[in-house]
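Residues 78 to 946 in this note's numbering are what the sequence shown spells out, letter by letter. Glycine included, C-beta positions come from ideal geometry on N, C-alpha and C.
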Amino acid sequence: MLVVVGRIDDGAEIHGVAPRPVLRPCVARYVRSKDPPRVRTQRQLVPVASVGECGQCSKHCNLRERFHGHLLELFADTRTDPYLLDCQFRLAASPGRDRGVTARGDGKKRRMIEFRMLGTLHLTDAAGHEVKGLLTRSHRLALLAYLAASTPRRFHRRDSLLALFWPDLDQEHARAALRQALHVLRGTLGNDVVVTRGDEEIGLDVSLLWCDVMAFDEAIAAGQLGAALDCYKGDLLDGFFISGAGEFERWLERERARLREAVSGAARTLVERYEAAGDVTAAAQCARRATRLAPHDEDLVRRLVALLDRLGDRGGAVAAYDEFAQGLRIDLETEPSAETKALITAVRERQTAAPVTLSRRRFGTAMPGRWGSVVAAVVVAGLLVSGAANRSGALLPGHASDRVQSLAVLPFTNLSSDTLHAWYADGLTEALTTDLGRIRSLRVIAHGSVMPFHGTSKSPQDIGRELHVDGVVEGDVQQSGDRVRVDVRLINAATGYQLWADRFEETVGQRFVLEDRVAHGILAGLSLPPHLAAPPTQNRAAYDAYLHAELRLWRENREDDSVAIIWLEQAVALDPDFAAAQAELGWAYNMRANQFAPWDTAAVTRAGLAAERALRLAPDLAEAHFARGVLLSSVAGRFAPGPAIREYRRALELNPNLARAHQNLGNIYLHRGLLDKAVDEFRATLAIDPANYGATRRLGIVLVYRGQYEEGLRQFRQVPPESNQSLWNYQVAWGLLYLGREKEASDLMERYLRAHPEDRGGVVTSTRAILEAKRGEATRAAADIRTAIAKGKGFIHFHHTAYNIASVYALLGQPQRAMYWLRQAAEGGWPCYPYFARDPNLDRIRNDPEFVAFMKQLKAQWEREQETL
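Shown next, in the form of structure tokens:
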């Protein structure tokens with residue numbers, strides 16, 4: 078056994094290396110030395126090497142006690158735990174040791190248990206198999222995590238563990254719970270992993286277990302900062318929670334803070350090293366990574382902004398600052414310091430580089446023969462005229478333009494030397510899509526479906542085929558000083574021939590004029606009358622904030638929704654009469670309350686106020702009617718189908734290209750069991766927004782409701798899992814269970830629940846309960862039901878969880894409980910008669926009198942709504 082005790086304040090100078098039998102003389106010599114190691118904390122000890130069996134500690138207790146005494150003397154003026162130095166540190170793996178293997182007494186290697194807690198939760202046993210049972214048992218997993226991650230690493234008294242994990246139980250029951258937890262840990266991971274000292278102290282044999290928290294701490298102590306950053310994938314036990322264990326929760330928060338501080342310091346040191354070496358690019362990359370790990374560290378953000386500015390990426394610097402500032406407002410309700418604001422002001426006001434020569438993208442596909450030269454001449458002449466007079470110039474007048482009835486506005490390319498202006502190009506794309514989308518005779522593809530083509534090398538014909546459109550608009554934006562130049566091209570998607578092109582130029586302050594001229598030019602190229610709405614506001618700053626929000630809202634995730642709310646609040650503060658911003662603010666707050674923060678009652682109130690103000694300001698604004706429809710069809714609106722449907726229909730009368738209104742209307746029909754109407758709306762959604770994964774998924778749901786399980790599963794799998802992990806895993810597992818593919822369903826759900834133990838709404842947990850009920854595992858199913866109910870509190874889609882619970886009880890032959898939850902599902906917004914009538918999971922209760930009466934009432938309601946909704 079080798080023991081190395083060192084310090085890191087002078088480059089990890091080694092003070093003592095000695096074989097175990099001579100530890101006592103070694104330590105005594107350093108006690109007497111004139112310059113003993115000045116160790117202030119246990120993190121300054123560097124365990125460089127360690128081999129051997131943990132059992133040696135207990136086999137040589139006398140020697141250990143002598144060594145322990147000398148350590149007490151050596152570190153008398155510190156807070157270092159001597160037993161930690163004596164035992165645990167000698168057993169800790171060095172940062173350089175192979176992960177996953179440990180030495181055996183016979184010289185061979187064996188696999189170690191692997192326990193990851195930073196970011197994604199993952200546990201494998203010594204054979205390399207995933208340990209599923211522990212990951213779903215909160216107290217046992219928490220106990221293992223505490224023994225592995227708590228600092229200083231040492232033995233823990235049983236009494237302290239009882240107070241930490243079972244504070245509400247009396248001594249007898251708490252000790253029984255601890256014994257049971259330890260029994261399960263040993264049975265699952267091996268008898269040697271959990272070790273004891275005497276009758277009252279418990280610890281882990283860390284020579285048999287690799288843990289990312291331990292590896293992180295060791296790498297930090299050894300100065301291996303890159304390795305430490307590789308270990309840190311996110312917060313410790315992110316999203317993990319156990320009820321009734323307040324002390325454990327407080328410990329967990331302290332450890333998370335400690336680890337965040339350590340990783341932030343490591344990243345900062347690496348940035349300094351790269352800067353000192355003159356590698357600014359590597360320093361910026363490291364700083365960017367560091368800000369993701371520590372998003373509220375202002376010093377790191379200032380470093381990142383300064384580094385990006387040095388690299389000439391002013392836009393990246395401003396974007397980094399904006400993201401930081403928005404994060405502070407959302408998470409901490411505060412603002413950046415004066416120093417940080419001064420830095421970004423200097424970056425913003427610095428003069429840009431000299432303008433670059435405008436480079437054009439393709440102008441459609443060249444035409445063959447004589448027509449090619451004619452068109453080239455017309456292009457040149459047209460551009461000369463438009464450049465001088467700034468008026469539209471249609472190429473080949475009338476050539477196929479009358480056949481363009483559907484259009485995609487591709488993301489405009491930013492040709493400015495400063496990436497700060499990149500958002501302007503995206504904002505122009507969004508504005509044109511919105512303006513042209515109000516033309517009833519023109520089908521315009523939604524912004525979200527064209528964004529994947531940003532910077533694409535695909536031809537107009539390929540894009541047209543993918544989006545099912547007749548024409549595409551593409552363009553370039555360049556800003557230099559206070560001038561903005563926009564080049565626009567309209568291309569026939571069938572032939573690739575250019576139908577029209579023009580150049581527009583205005584001052585930066587003439588945003589509305591520029592957008593209006595571009596939109597009118599496109600309509601002229603399409604031979605359509607120039608019926609466009611007036612600018613939604615005269616306040617340019619409010620409009621910029623609104624466009625920033627629009628670019629976020631279509632992504633429909635929590636982070637972007639929160640940022641969009643900030644931008645929209647800014648827009649309506651600048652112009653309270655900005656109806657479009659009020660309407661989108663209502664939608665954004667509805668999204669927050671319905672999907673991301675069901676407990677946020679203030680968001681519901683704000684959503685209603687914003688939607689109503691938008692309607693008062695602009696009664697004929699489609700987005701305002703949509704926002705009110707969302708509110709009416711939510712929990713806050715008590716799932717009122719009739720009023721919500723009227724609002725969505727009015728929105729579509731005003732703007733037939735409002736894809737989200739089609740989708741939400743279809744979703745109401747789907748929940749009410751009006752499946753044909755639902756299919757029509759989802760198809761209309763996809764015609765406008767082909768990349769709309771929500772509509773694609775819901776077509777799969779219709780197929781499942783109709784008993785077409787194989788087709789429904791294929792439809793679900795057309796959607797990427799990352800679009801909505803919870804719903805995707807729930808629906809795919811749901812389809813697999815109907816097809817009898819229980820092993821696939823089980824594996825899928827277990828993987829998801831390991832990675833996402835929070836399981837928003839309990840939808841996957843309750844689906845797993847169905848599988849357990851099918852297998853006759855009533856106890857496990859009941860446990861999952863309790864978990865799903867707890868997780869589903871306040872969840873807008875809880876009616877799906879409620880229906881799953883009803884299915885479990887039906888499969889177990891418990892009709893009364895099944896009927897209670899079936900009514901909860903129906904009254905909670907899902908009275909889907911066709912599905913309830915066909916679902917084989919309910920077959921065991923179909924002859925129950927209460928079920929028969931319930932289905933009779935449900936059918937009558939469904940038949941009425943077929944006529945009235």
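Linking residue 687 to residue 484 through their CA atoms gives a straight-line distance of about 31 Å. The Cβ-Cβ distance between residue 843 and residue 882 falls below 7 Å. Residue pairing for residue 575: DSSP places it in a beta bridge opposite 568. Around the Cβ of residue 700, a 10 Å sphere holds 16 or more other Cβ atoms; the residue is buried. When DSSP states are grouped into helix, strand and coil, residue 337 belongs to the helix group. The closest CA to that of residue 345, considering only 381, 928, 317 and 224, is found on 381.
Closest in alpha carbon position to residue 733, among 763, 189 and 718, is 763.
Three or more pairs of CB atoms, one per stretch, sit closer than 8 Å, so the region 872-889 contacts the region 826-844.
Note that the C-beta distance between residue 814 and residue 792 is not below 7 Å. The Cβ atoms of residue 309 and residue 270 lie no closer than 7 Å to each other. Setting aside the 5 residues that flank it on each side, residue 752 is surrounded in the same chain by 746, 779, 782, 783 and 911, each with a C-beta closer than 8 Å to its C-beta; the list follows chain order.
Cβ neighbours of residue 794 within its own chain (closer than 8 Å, five residues either side excluded): 809. In this structure, residue 637 keeps its C-beta atom at 7 Å or more from the C-beta atom of residue 668. Counting every other CB atom within 10 Å of its CB across the protein chains shown gives residue 706 a total of 16 or more, marking it as buried. In the DSSP assignment, residue 557 falls within the beta strand (DSSP E) that extends over 548-557. Between residue 413 and residue 402, the gap from beta carbon to beta carbon is short of 7 Å. Apart from the 5 residues on each side of it in sequence, residue 852 sits with its Cβ closer than 8 Å to the Cβ of 819 in its chain, given in chain order. In its chain, beyond the 5 residues on either side, 412 and 643 have a beta carbon closer than 8 Å to the beta carbon of residue 406. Distances from the CA of residue 633 to each of 672, 913, 517 and 578 were compared; the closest alpha carbon is that of 672. Separation of residue 359 and residue 371 (C-alpha to C-alpha, rounded to the nearest whole angstrom) is 18 Å. Under DSSP, the beta-bridge partners assigned to residue 280 are 272.
Fully enclosed alpha helix (DSSP H) runs of no fewer than 4 residues occupy 736-749, 752-765, 770-782 and 786-793 of the region 724-798, in order along the chain. Taking all protein chains in view, the Cβ of residue 711 is crowded by 16 or more other Cβ atoms within 10 Å, so the residue is classified as buried. Residue 816 is positioned such that its CB atom lies closer than 7 Å to that of residue 786. The three-state reading of DSSP puts residue 491 in strand, counting E and B together. DSSP places residue 320 outside any alpha helix (DSSP H), giving it a letter other than H or E. In the DSSP assignment, residue 201 falls within the beta strand (DSSP E) that extends over 199-201. The Cβ neighbour count for residue 856, taken over all protein chains shown within 10 Å, is under 16; the residue is labelled exposed.
One alpha carbon belongs to residue 571, the other to residue 836, and they sit about 46 Å apart. Around residue 481, the same chain offers 547, 548 and 603 as residues with beta carbons nearer than 6 Å, after the five sequence neighbours per side are excluded. For residue 904, the enclosing alpha helix (DSSP H) has its first and last residue at 892-904.
If you check the CB distance, residue 704 and residue 655 do not come in under 7 Å. The C-alpha of residue 766 lies about 21 Å from the C-alpha of residue 490.
Here residue 560 is exposed. Its C-beta has fewer than 16 other C-beta atoms within 10 Å. Of all alpha-carbon atoms in 877, 902 and 306, the one lying nearest the alpha-carbon of residue 366 is that of 306. In summary, residue 409 is exposed, with fewer than 16 beta-carbon neighbours lying within 10 Å of its beta-carbon over all protein chains present.
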